[in-house]
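Quick note on my numbering: the sequence shown kicks off at 875 and runs consecutively.
Below is one structure, written out as structure tokens; comments come after it.
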Amino acid sequence: MRFVTANPGCSAQSIVANLSHDRTMRNHGLTPRKVGFFIPRHLADRLTWWQDHRAGRRVYGCLEVDETD
């Protein structure tokens, strides 16, 4: 969540690279495909995705939160 907030428009591949190398989750079997399945199912209320037509892949960003109560 923090990585996507800091890097809007990032791909699943860059999320996996961040988790594998920077967060030392190297041997957890993370793949871009698994991240792509996880985000819409478990983080749909906080993250969204859109199609990057030039690269032909999904990119992820945070949803705008309206905090006017």
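All residues carry an ideal CB built from backbone N, CA and C; glycine is no exception.
Please read these numbers as outputs of a predicted model, since none were measured by experiment.
Any C-beta of chain B under 8 Å from that of residue i
{"i": "G910", "result": "Among the chains in the structure shown there is no chain B, since it carries only a single protein chain."}
Nonlocal neighbours in the same chain, by C-beta distance under 6 Å from residue i, ignoring five residues either side
{"i": "P906", "result": "A886, Q887 and V890"}
Coil, strand or helix - residue i by DSSP
{"i": "T922", "result": "strand"}
{"i": "G930", "result": "coil"}
{"i": "G935", "result": "strand"}
{"i": "N892", "result": "helix"}
{"i": "G903", "result": "coil"}
Cut-off 8 Å between Cβ atoms - residues of its own chain near residue i, not counting five sequence neighbours on either side
{"i": "V878", "result": "C884, I889, L921, Y934, G935 and C936"}
{"i": "H927", "result": "none"}
Opposing strand residues paired with residue i [DSSP bridges]
{"i": "S885", "result": "V933"}
Close-in-space but distant-in-sequence residues of the same chain around residue i (CB under 7 Å, 5 per side omitted)
{"i": "G910", "result": "A886 and R932"}
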